[in-house]
Amino acid sequence: MKLFRVYVDGALFYHPHLSQLSITEAKLTEDAEGVDSFTLSAPHDHPYLSRIQPMASEIMCKYGDAIVFKGRALDIGTDFYNTHSWQCEAALAYLRDSQQPPFSYTGSLCGLLELFLNNHNSSVESRKQFILGDVTVTDSNDYINRSSSEYLDTMSAVKSKLLYTHGGYLRVRYESDGNYLDWLADFDVRSAQTVEFGKNLLDVKIEESHEDRVTAIIPFGAKITETDEDGNETETDQRVTIDSVNDGKNYVCDEAAVEEIGWIWTTEIWEDVTLPQNLLTKAKVRVKILSKGISSIELTIIDESITGADIDDIHARQYVVCKSAPHGLDDTFLCTGRTRDYLNASGNTITIGAERAGIASITAKQNPEKLVQNVKIELEEQISSTERKQLYRVEIITKGSCIFTDKGMTAVLSAHVYAWNTEITAKLDASCFAWHRSSSDEAADAEWDSYHVGMKSITVTTEDVQDNASFRCEVNIQE
């Protein structure tokens, strides 16, 4: 059984088998087209709260032996119960911390990315540095012209000078010798799991965004250079257009989209395109994409990996087979996003690109509610068999005084035990509970502990507190 753990600057912060190191939220959001994020919350009595320093501390999450998140905490907040929460961003965001100076570059795509990374690495500390990894994005000429007269942060430079012109995805790999940055034309990993209606699919949510749709593009290529009689080249302010290879028209359109929603115009620049025919080809592909709008399908699933099955979990940046007859799904889709709640097995979703889904033809072909209920019952039974092995936490509820100033003051402390987000206190025998006091008198603490075993709640008096004391409950759950 794989365990989820959280580390802060290399030190253990959360382990599901250690009640002292409990947390109340651990939600990881993966984004194939952006920066992953992680939400972490811990109760007020967690012993290591002060170790997390926003923007400075490195947060690492492991599931089994795999690193599923590495990054930094951005901010901290507290709620009514003084629960501390941090929003964290993944290591890819470190590219925002450095600046690229003005430059003029000619060469390969890979060479420009390497230049950006070298500049970045020379400007930041070692934990923020990247090693150039796999580059599978290609250029037909393997030769590009790029320049900037202004300073750009490295993330903006990579996006504007590489991603916007040649597409692809950035992926960070956490290896033993450092963080590798890959630039991939497409992902080549396929999930071993299948998302299937009546098996592990609980809900389907389909969204279409039309606000950024475009039906016509006026494309521009690289700036035109002129050569004088002495052979000197001078760059002009004019750019390559498609008029000469497009029947005199300087635009391309999607006629079906124009018929549907009318004329909506935009312009785009391809800095590396020097031939009108190549510019026309790229513009035709681009207008087909922009005219459709953005579609996505969010699937609420139960990841089979958490039920004890010997199978890897689903991640963003993987292809996954999705089958649901009532929703018209039966194909392999790219998982563009995933939300994984490591404390709540039923709170997991994946987002898939909808390019292959016939969204307009989706109809209800049978009664999905009954099948969903069946799969919930079956999988919840599997999950209940693993609850005893992972993701426990203990919360102490106090009724009465927290500050003892006079004799005769009392407080009742009750231990509440949770597996995932389900309270299981009533299911546990009182013999599982052992209370501990920490004060300046270790011998007296040991004696106090011996009298407070085998009870789910205790009454603390002024005499128990003396000068200063803290209390915790250790729960021993037999597997």
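Take the sequence shown: its letter number 332 is residue 332 in full-length UniProt numbering, and every next letter is one higher.
Built from N, CA and C at the ideal position, the CB exists for glycine as well.
Between the C-alpha atoms of Ser209 and Gly353 there is a straight-line separation of about 13 Å.
Taking all protein chains shown into account, Thr78 has fewer than 16 neighbouring C-beta atoms within 10 Å of its C-beta and is therefore exposed.
Under the criterion of beta carbons closer than 8 Å, Thr410 and Thr461 qualify as touching, at roughly 5 Å.
Residue burial is scored here from C-beta neighbours: Gln478 has fewer than 16 other C-beta atoms within 10 angstroms and is therefore classed as exposed. Pro326 is the residue among Pro326, Phe130, Thr106 whose C-alpha sits nearest the C-alpha of Lys205. In chain order, Asp254 place their CB closer than 7 Å to the CB of Lys288, counting only its own chain and leaving out the 5 sequence neighbours on each side. Excluding sequence positions up to five before and after Ile261, its CB lies within less than 7 Å of the CB of Arg213, Thr215, all in the same chain and listed in chain order. Annotated as proximal: Arg317 and Ala32, with beta-carbon spacing under 8 Å. Sequence-distant partners of Thr165 (beyond 5 residues in either direction) whose C-beta falls short of 7 Å from its own C-beta, in its chain, are Trp270, Glu271, Asp272.
When beta bridges are read from the DSSP output, Ile314 appears opposite no residue. Taking every protein chain shown into account, the CB of Pro102 has fewer than 16 other CB atoms within 10 angstroms, so this residue is exposed. Shown here, Asn278 sits in a helix according to DSSP, grouped into three states.
The beta carbons of Ser41 and Glu25 sit closer together than 8 Å. Here Cys88 is near Ile59, since their CB atoms are less than 8 Å apart. For the pair of segments examined, the stretch 9 to 25 was found to touch the stretch 47 to 58: the number of CB pairs separated by less than 8 Å reaches three.
Bridge partners of Val135 according to DSSP: Trp183.
Val258 carries a helical assignment under DSSP once its states are collapsed to helix, strand and coil. Annotation: Trp86 to Gly248 spans about 57 Å, alpha carbon to alpha carbon.
Closest in C-alpha terms to Ser104, from the list Phe116, Gly64, Asp97, Ile424, comes Phe116.
For Asp75, no alpha helix (DSSP H) segment is defined; the enclosing uninterrupted segment is the beta strand (DSSP E) at 66 to 78.
Between Leu95 and His120, the C-beta spacing is below 8 Å.
When only Cα atoms are considered, Gly293 and Ala257 end up about 10 Å apart. A distance below 6 Å between beta-carbons, with the five flanking residues on each side excluded, links Leu334 to the following residues of its chain, in chain order: Tyr319, Gly353. In this structure, DSSP gives Gln129 a state outside helix and strand, which the three-state scheme calls coil.
Taking 8 Å as the upper bound for CB-CB distance, Leu279 and Gly221 are in contact here, some 4 Å apart. With distances taken between CA atoms, Leu162 lies nearest to Ala185 out of Thr194, Ala185, Asn468, Asn179.
The Cβ atoms of Ser98 and Ser123 sit closer than 8 Å to each other.
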